[in-house]
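Let me begin by presenting the structure, written as C-alpha cells, before commenting on it.
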Amino acid sequence: MLQLQFSKPEGKDFIHLILFECTGPPGGAKHVSRNGAKICVSAVMDENTPAGKIHMTPYELNRYSLPYLQKHYIYRKKDSVSRFVRAVYYCEICHYHIWTVAQAVSHFTAREHIDNEEKEAMSKKLESLPEPVKDQMASVEIILHQQCKSAVLTDEQYEMAKSIASSLSLLLQTNVHKNVSLSLFGSYYMKLATASSDVNLALTCPPELSFGQSLFRVKETLEDSTIGIVSLCAV
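The sequence shown begins at 1 in the UniProt record's numbering and counts up by one.
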C-alpha cells in the first residue's frame, strides 16, 4: 500500500511531497520506506493553463540579483533540461533548479545548503594548502602503519563476524523467506574494521517481496528473537 502526504512549511516557497510504502494489517499499517520531492509553489500554474504555454514560459531572470545569489553558488541556469524548463537559476553545490529569487533565498538559508557551503569552503581551503614535502609524507605513512597494526582486528574476530552473518541468515531464512540472506558489508567486508566498528550487514531480498516488506519482516523477526538490539537502515 502506498500513501502520499503533502506539507508546506510556513514561510517557504515549496510544497513537500512524501511517498510512503506501508505494510502490515489494515488499521495498523506502518511506514517502512519513503521517497520525497519538493515542488516550488510559485511554479504551480492554473489547471486551465494550456500545455504549450507551460512548456514555453520560463520565469523572468532578475539580473540584479545574480551577483548576490552567486555568493551562495546560485547561478543563471545554462542547460535546457526539459523537466525544469521554467527554472532560471541553478544551485551548483546542491544540484537544485530554482524558479524565483524568493525560492533561491529560501533555498540558501536552508540547513542542507548551508552544510554544502561549509563543505565547499573546506574543500577550497584544503586545495589552497601547499602539498606536504617528502619527509612529511614519510612520517605520516609511519604513523598510519603503526595505527593500523594496533587497531586492526585479528582473523579470528573477522571469522566471528562472518559467523554472526551466517547465524542471522539461517534465522531469517527460517522465519522470513528461504531466499533472504545477510553478508558482511563496509569496513568488515574490506577488513578495515577496528574494535569500535559496528558489524554492518548487507540484506539480500527475494524478488517476491518489496524492499520495504523485507525490512519490516526482518525487523519483526529480530525483535522477537533473543539476539539483542539490531539497527536497520536503508542505504
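Quick reminder that beta carbons are idealized off the backbone N, C-alpha and C, glycines included.
With 16 as the cutoff for other CB atoms within 10 Å, does residue i come out buried or exposed?
i: L4; result: exposed
i: F108; result: buried
i: T148; result: It is Cys, not Thr, that sits at residue 148 in the sequence shown. C148 is exposed by the Cβ-count criterion.
i: H95; result: exposed
i: S167; result: exposed
i: residue 236; result: The question about residue 236 has no answer here: the residues shown for the chain are numbered 1 through 235.
i: S196; result: exposed
i: A87; result: buried
i: K8; result: exposed
Please confirm whether residue i and residue j have their CB atoms less than 9 Å apart.
i: N200; j: S187; result: yes
i: S225; j: L153; result: no
i: H72; j: E112; result: no
Counting only the same chain and skipping the five closest in sequence on each side, list residues whose C-beta sits under 6 Å from that of residue i.
i: V101; result: N62, S65
i: T194; result: A151
i: R217; result: V176
i: E120; result: I93
i: T204; result: S181
i: E208; result: none
Apart from the five residues just before and just after residue i, which ones in its own chain have a Cβ nearer than 7 Å to its Cβ?
i: N175; result: T221
i: P206; result: H177, N179, V180
i: Q60; result: Gln is not the amino acid found at residue 60; the sequence shown has Glu there. Taken in chain order, the list of residues that qualify is empty.
Using a Cβ-Cβ cutoff of less than 8 Å, which residues in the same chain neighbour residue i once the five nearest sequence positions on both sides are dropped?
i: K78; result: Y90
Would you grab the beta carbon distance between residue i and residue j for me? Rounded to a whole angstrom, and I think it's under 8 Å.
i: A104; j: L69; result: 5 Å
i: I114; j: I98; result: At roughly 16 Å, the Cβ-Cβ gap does not stay under 8 Å, so I114 and I98 are not in contact.
Is the Cβ of residue i closer than 9 Å to any Cβ of chain C?
i: Y64; result: This model lacks chain C altogether, as it is built from one protein chain only.
When the Cβ atoms of the segment 85-94 are set against those of the segment 122-139, are three or more pairs found closer than 8 Å? no
Decide yes or no for the touch test of the segment 160-179 against the segment 130-144: beta carbon pairs closer than 8 Å, at least 3 of them. no
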